[in-house]
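Take a look at the structure below.
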Amino acid sequence: MVTYVSALFYGVGGIVVAGVALLVAFQEKLVYVPVLPGLSKSYPITPARLNLIYEDVWLRSSDGVRLHSWFIKMFPDCRGPTILFFQENAGNIAHRLEMVRIMIQKLKCNVFMLSYRGYGESEGYPSQHGIIKDAQAALDHLSQRTDIDTSRIVVFGRSLGGAVGAVLTKNNPEKVSALILENTFTSILDMAGVLLPFLKWFIGGSGTKSLKLLNFVVRSPWKTIDAIGEVKQPVLFLSGLQDEMVPPFHMKMLYAKAATRNSQCTFVEFPSGMHMDTWLTGGDVYWRTVMQFLAKHAPEERKADTADEAVCLEEVSTQLATTAT
């Protein structure tokens, strides 16, 4: 009996030790996936492939890392809201171009797409502290441009990008007009138990009543639940109820935390939305929701002359029609 109990004890202990070793050694590879399996790090396409008007933008993060971005304009002479888009953890910005094309078409906006350090053509290696610096460099660049309305910069983050966006928005109340989060987690500490269930006994964040002894080994905790509670700007929460990666209750917890201090929060559910395709399965309702949010919280300060505006929108429609063909 003693031998059996000892074997069981050592077996469980061995699993825990192996799990911790895995977490310490490979946690960045779980959180950050710049290269999709079977593909190269390079961009499979560029905005030019979709006939989008864009600019290659090279930035320097505050610690000197060289970063690559795409600034995709609605149309050279047209101004609208500018969305600073932060992607999910896997792949690079090129994998989001079809969604961005539709975003520009539906929302009549500009989109700035940042390659985190270690992603795409950006240098360096991803980390929480580093990516926060990268996001700040992107926002600072946009804030200094003279060809956009800098009072209408909206941060949009999906999954990991939502964690990035929440921190950036919290830190820049004067530069960011509003924040949009889609299928974002409460923290990586909470996600550890989702990815490796036995770790939930040792690692955790939101709602845990006991001390989680191994939280200290997590180098990129991304505590979105803490950041969102300090965001003062309007926030739109877009939650896909079929999310197979991040449990949908994470988004509900984020909304609940934000709404206790911020009366400008909106929560919208999409019954068929999965982790990566809520923008697609949500259809017109999805885009109408975002459009109404932008109209309310990132409006034009001064309406353009009606005739000029009509010409501008006609040019945009012609450009997008050409792209579709």
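Positions 1 to 325 (full-length UniProt numbering) are the ones given, in order, by the sequence shown.
We treat Cβ as the ideally placed atom computed from N, Cα and C, and that holds for glycine.
Remember, it's a predicted structure, so these values are computed and weren't measured experimentally.
Pairwise C-alpha distance: residue j and residue i
i: L181; j: E301; result: 25 Å
i: C265; j: I228; result: 11 Å
i: E269; j: T289; result: 11 Å
i: G118; j: G124; result: 5 Å
i: I45; j: R101; result: 13 Å
i: T146; j: R79; result: 11 Å
i: Y286; j: F267; result: 12 Å
i: K303; j: V35; result: Because K303 sits at a pLDDT of 48, beneath the cut-off of 50, its placement in the model cannot be relied upon, and the point is left open.
i: I225; j: A256; result: 10 Å
i: G165; j: L84; result: 9 Å
i: P271; j: R49; result: 33 Å
i: E88; j: D77; result: 31 Å
i: P247; j: V167; result: 21 Å
i: residue 331; j: I132; result: Any property of residue 331 remains undetermined from this structure, which presents the chain solely from 1 to 325.
i: Y43; j: K175; result: 30 Å
i: I93; j: R261; result: 33 Å
DSSP three-state assignment for residue i, whether helix, strand or coil
i: W287; result: helix
i: E28; result: helix
i: K133; result: helix
i: S69; result: strand
i: D56; result: strand
i: Q144; result: helix
i: A304; result: Any reading at A304 must be qualified, since the residue scores a pLDDT of 46, below 50, and its modelled position is unreliable; no value is offered.
i: F75; result: coil
i: I45; result: coil
i: L50; result: helix
i: V111; result: strand
i: A94; result: helix
8 Å contact criterion, which residue i and residue j should meet: CB distance rounded
i: P221; j: S187; result: 6 Å
i: P126; j: Y32; result: 4 Å
Within 8 Å, strictly: CB atoms of residue i and residue j
i: S40; j: Q136; result: no
i: T184; j: H250; result: yes
i: V218; j: L189; result: yes
i: R152; j: T82; result: yes
i: A138; j: L114; result: yes
i: E55; j: F71; result: yes
i: L67; j: W58; result: yes
i: S122; j: A298; result: no
i: K106; j: M245; result: no
i: G273; j: Q242; result: yes
i: G161; j: F86; result: yes
CB contact below 8 Å: residue i versus chain C
i: D147; result: Absent from the structure is chain C; it holds one protein chain and no more.
Q | Complete beta strand (DSSP E) runs within the region 148 to 200 (minimum length 3 residues, chain order) | A | 153 to 158 and 178 to 182
Q) Whole alpha helix (DSSP H) runs in the region 204 to 284 with 4 or more residues, listed along the chain? A) 224 to 228, 249 to 259 and 278 to 281
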